[in-house]
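Residue numbers 600 to 890, in my numbering, belong to the letters of the sequence shown in order.
Built from N, CA and C at the ideal position, the CB exists for glycine as well.
From a predicted model like this one, the values you see are computed outputs, not experimental measurements.
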Amino acid sequence: MLNRLSIKWFQAIFGVSWPRLHWGARLKAIPWWLVAMGLIAIYTAITIYSRPSYRQAFDFIKVGLSITLSTTLFAFGIAVVIGLITGLGRLSNNLLFKNLATLYIELVRGIPMLVLIFYIALVGMPGVVSALNQLGHWLSGVGAGELGSRLSSLENNAISMGVRAITALSITYGAFLAEVFRAGIQSIPKGQMEAARSLGMTYGQAMRFVILPQAVRNILPALGNDFISMLKDSSLVSVLAVRDITQVTRLYAARSFQYQEAYTTLAVMYLTMTMVLSFIVKAIEKRMHRV
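This is the structure in structure tokens:
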């Protein structure tokens with residue numbers, strides 16, 4: 600029974616018919632890199648729970664795990680919306696919409712992510728607050744007193760660094776996801792759109808009910824990879840003093856001088872999350888291809 604379950608597990612994950620392979624091919628089919636990563640993760644987990652210094656570091660660092668996950672989830676959700684709208688803009692026949700989308704993508708892709716995070720959080724957000732203050736003064740002048748007073752009294756320090764970090768990651772990854780959506784839409788044969796329009800659908804209906812469902816299925820691996828990349832890049836928001844696991848690790852290491860324990864634990868936490876997410880993405884991808 601155990602042998603049958605192991606064979607089914609191997610076939611489900613790696614898509615290889617195990618019984619049909621001879622022993623040499625079976626050894627080659629085993630993903631030894633994954634086995635090595637698993638052994639490293641298991642060894643480190645045992646070390647964390649068996650050594651007090653590692654256990655103390657883990658207990659301190661895990662507090663920031665919720666911030667890391669929530670920042671990634673919110674930022675990626677917003678980035679998907681931005682990427683979809685911008686990707687459609689890149690394919691639009693509207694000259695203004697197309698050029699604005701292209702300008703946004705090229706600007707974001709041409710600037711390092713860390714610089715963008717600093718700029719959006721420390722320059723862009725204060726600029727937005729200033730613009731809202733000016734709008735509030737104008738609304739107060741034309742009679743919209745309640746809304747105008749709220750906008751004019753908005754202060755820069757009212758926007759937390761967590762919100763700024765989510766905004767920065769969303770805007771940054773929105774440009775990369777826009778190219779993913781554009782490529783996915785262009786991978787669908789043009790005959791699909793023509794057939795939908797011939798049935799009386801508008802362009803928006805055809806895109807919503809015919810093109811986008813097929814495009815999303817094609818780009819799902821890329822979306823999953825970008826989500827995992829955002830999870831790792833979320834460590835950059837620690838420069839804004841957001842208390843994610845990277846920032847908490849830096850604080851713990853600076854306080855305790857236990858750099859090996861702190862950063863080894865941090866690395867394994869990121870490695871574990873990315874491995875789990877990779878398997879989830881593969882499972883979703885296989886399920887969608889069966890539909």
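Check, Outcome
"Segment contact, 8 Å Cβ cut-off, at least three pairs: the region 797-817 with the region 721-731", "no"
"ARG854 burial status per 10 Å Cβ neighbour count (16 or more: buried)", "exposed"
"Closest residue to GLN848 among TYR703, MET872 and THR864 (Cα-Cα distance)", "Inspection of the sequence shows that residue 848 is occupied by Thr rather than by Gln. Comparing Cα-Cα distances from THR848 to each of TYR703, MET872 and THR864, the minimum goes to THR864."
"Cβ contact (3+ pairs, closer than 8 Å) linking the region 669-684 and the region 765-778", "yes"
"Of the residues LEU683, PHE696 and PHE780, the one placed nearest ILE818, counting alpha carbons only", "PHE780"
"Pair within 9 Å by beta-carbon distance, ALA757 and ILE716", "no"
"Buried or exposed by the 16-neighbour rule on C-beta atoms within 10 Å, applied to PHE675", "buried"
"ILE647 to ARG654 span [Cα, whole Å]", "5 Å"
"Assigned exposure category for ASP658 - 16 Cβ within 10 Å defines buried", "exposed"
"Beta carbon of MET800 nearer than 9 Å to that of ILE784", "no"
"Through-space distance from SER834 to GLY637, alpha-carbon basis", "23 Å"
"Limits of the alpha helix (DSSP H) - the one that ILE716 falls within", "712-718"
"Local Cβ density within 10 Å of ILE730, reported as buried at 16 or more and exposed below that", "Per the sequence shown, the amino acid found at residue 730 is Ala instead of Ile. ALA730 is exposed by the Cβ-count criterion."
"Exposed unless 16 or more other CB atoms sit within 10 angstroms - verdict on ARG886", "exposed"
"Under the three-state DSSP convention, the category SER877 falls into", "helix"
"With 16 other Cβ atoms within 10 Å as the buried cut-off, status of ARG650", "exposed"
"Residue burial classification, SER837 (beta-carbon count within 10 angstroms, cutoff 16)", "buried"
"Beta carbon of ILE704 nearer than 9 Å to that of ARG842", "no"
"Collapsed DSSP secondary structure at VAL680 in the structure displayed", "helix"
"Beta-carbon gap between LEU690 and LYS697 smaller than 9 Å", "yes"
"Spatially closest choice to ALA782 from THR871, ILE844, THR685 and LEU753, by CA coordinates", "THR685"
"Residues of its chain near MET600, where Cβ-Cβ distance is below 8 Å and the 5 sequence neighbours each way are ignored", "The predicted model places MET600 with a pLDDT of 45, which falls under 50 and marks its position as unreliable, so this point remains unresolved."
"Cα-Cα separation between PHE808 and THR643, rounded to whole angstroms", "48 Å"
"Residue range of the alpha helix (DSSP H) that includes GLY709", "Counting along the chain, GLY709 falls outside any alpha helix (DSSP H), and DSSP gives it neither H nor E."
"Continuous alpha helix (DSSP H) stretch holding VAL634: start and end", "631-649"
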